[in-house]
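The structure under discussion appears below in the form of structure tokens.
In full-length UniProt numbering, the protein residues as written are 1 to 844.
Okay, structure coming up:
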């Protein structure tokens, strides 16, 4: 073999010194080659993006003449950097970027004193950073990003005074950012984003005079922005977003004359917007959204400014005149503030404005017609007090793709001119005062994907032409006065809401297939999305079996109609369904067992129907994701399975107004989230299971109108209870006064039981559970069971004697003192009654 003749290999005096493989177009997908260890004089090795997998054998790390080593973009796994790496003392560049190297860094890495570039990014390294990292004093680039490093940044980092680029984003570093980091005075780029630091930035931060790029978003920073940051005059990008910074912007930031982007979104910064923004001649983007800034919006005399984001603050007052003069604004977001006034001609000169967000303020008046003449792509004016009609010029725009006008006071008819908005993709006109029919011309909007006309006064039928918008995937016509049948020709959908109208007739079979064709991207967080809501109409007939075709639907709401027949078991095939509401219909028959096999279902509401049958004993394992279950006002029979209380996330359970029977058992009571349980108006019997005390989150417990008997178990552990109704059962024995020790109880009812002894009307009064009369202690008197017959006769005779004496005394009082009584009456007074009479007084 003559390797010196191979492509990518260089030799000196027939000795291999350099291997550089270019595998970008066709990765090899082979184990890391063992032959490399044979090249003892190898100085340069680059196998970037070659698809090598497996481990790197230990002998490889003994190639002590290596000067540059690039193993990046492979699939090397189960690999640790061994201590022998410290023998490669001639290394100047080391990159293992984008592999699966793991474990902690060996302290011997500090022996690589010639190293100028160290790239360990996008691996699985863990543990603390060794303090020996500070020995690498010739480093220019240090990249530790996207690993699982933990602990604090060692103070020795300050010895790396030559490092220009330091990247440790997306790790798990904690503790304070050490002040020693400000000794890295050659830094031009510092990225510490997405870690878990404590405290604030070092007060000496301004010593990084060469810093041009600083990224510290989402790292847990708190406190003030240090005034010394104004000394970093070369800063071009400053990103401190998503932290807990507070206080005003320090005036020293006015010195950042090279700043290009200031990103401070999602903090608690306060105070007024500074006037010195106008000192910045190079700034392109300022983002201060989601803070606590107050006061008016100042004139934007910044010629370079293109993006200004100030939404979700507390800015107030009217807009400054000529808001687009002396700047290059292309995006302006002022939504969710307290701004007011009319728009007037403020935006008339915004000749390059493409995105305007003014939602969630107090603007009023008419929408200016000139907005349709601007190059706007997105117009957000929702949640204000705009009135009047939508200007025709808006529909004639050649650029608008998104219009958000919901939650205003707009009125009139939706005009046929809407068809001219050919570029429109999203149109939100919800919660206004529009009336009349939906224009048939809306079907000409071939690019329309999202349409909401919810909450208006629209009338008439749903036009068939609407479904010529073949790209339409989200349609909300809810809360209007629409009539007629639901059209059969509905395009593909991921959201369809027609609730709260006067629609009638059956649910068409064809409608379900429209939820079958949408290609939705899967992700780690959301697999599918779909809402199908026809609730509160006058729909009749059965639920079509074609419902099984709604494969992407996650929320199916058909409540408050006149649907009848059984619940089709085909619904159980909707594996993505998380919420199902069929309540307030005329559904009948038993629910087939396979219906209860929807493992992703979180909400099941079938109340106020005529459904019968029993619930499977293993219900808890069949529907483990339930959060809300409402079976109330039906005809269910049999026992309530105790497995229902094994559902960990169950919060709300209502089985009232049915024919359930048997004992209520909670022996599988793992539902520590259950806060509301209503089992009233059934035929539950037997004793109340003491395991109910395991449901520690209960705030509402209603089991009234059953035939539960025995003693009430201790409920003292249910400290969250606010509502308790045990009335109209057969509870016996003493009432447990510990119930009234639950501090938050605001409603209690115990009447209609067979308790022995006092029962409080409520627990709101002090000592409400105390006996109304004092009972003698067993230590004071002998038990009645120990009285002899003679004792009983003696007591009887004594009582008779006392009665006779009382009669005699009363007769004598009448006979001998009539005038006293008459005298008292003559004075208009009733003689006082002596409530302190004793036995001696009665015998005199």
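The beta-carbon is built from N, C-alpha and C at its ideal position, and this holds for glycine as well. The structure displayed is predicted, hence computed values, not measured ones.
C-beta contact flag for residue i and residue j at 8 Å
i	j	result
residue 188	residue 211	yes
residue 611	residue 629	no
residue 294	residue 308	no
residue 661	residue 704	no
residue 330	residue 354	yes
residue 167	residue 121	yes
residue 715	residue 739	yes
residue 674	residue 695	yes
residue 72	residue 119	yes
residue 29	residue 51	yes
residue 499	residue 540	no
residue 724	residue 689	no
residue 482	residue 451	no
residue 583	residue 602	no
Local Cβ density within 10 Å of residue i, reported as buried at 16 or more and exposed below that
i	result
residue 631	buried
residue 565	exposed
residue 560	buried
residue 209	exposed
residue 555	buried
residue 741	exposed
residue 392	exposed
residue 791	Interpretation of residue 791 is limited by its pLDDT of 43, a score under 50 that renders its predicted location unreliable; the figure taken from the coordinates is listed afterwards. Its Cβ having fewer than 16 others within 10 Å, residue 791 is exposed.
residue 368	buried
residue 756	exposed
residue 751	exposed
residue 647	buried
residue 678	buried
residue 848	Residue 848 is absent from the model: the chain starts at 1 and stops at 844.
residue 433	exposed
residue 672	exposed
residue 336	buried
residue 413	exposed
residue 217	buried
residue 182	buried
Coarse secondary structure for residue i, derived from DSSP in three states
i	result
residue 159	helix
residue 751	coil
residue 588	strand
residue 62	helix
residue 699	coil
residue 687	strand
residue 195	coil
residue 412	strand
residue 740	helix
residue 255	helix
residue 369	helix
residue 419	helix
residue 617	coil
residue 189	strand
residue 77	strand
residue 635	strand
Close-in-space but distant-in-sequence residues of the same chain around residue i (CB under 6 Å, 5 per side omitted)
i	result
residue 463	438, 440
residue 461	484
residue 77	100
residue 404	380, 382, 428
residue 593	616
residue 332	308, 356
residue 663	686
One or two residues paired with residue i in a DSSP bridge
i	result
residue 31	53
residue 355	331, 378
residue 678	654, 702
residue 565	587
residue 502	483
residue 393	According to DSSP, residue 393 bridges with nothing at all.
residue 171	Answer by DSSP bridge pairing: none, since residue 171 is not bridged.
Own chain partners of residue i with C-beta closer than 7 Å, once the 5 adjacent residues on each side are dropped
i	result
residue 299	320
residue 591	567, 611, 613
residue 745	721, 722, 724, 763
Beta-carbon contacts of residue i that lie in its chain and below 8 Å, excluding the five residues immediately before and after
i	result
residue 574	547, 548, 550, 551, 553, 556, 598
residue 113	89, 135, 136, 137, 138
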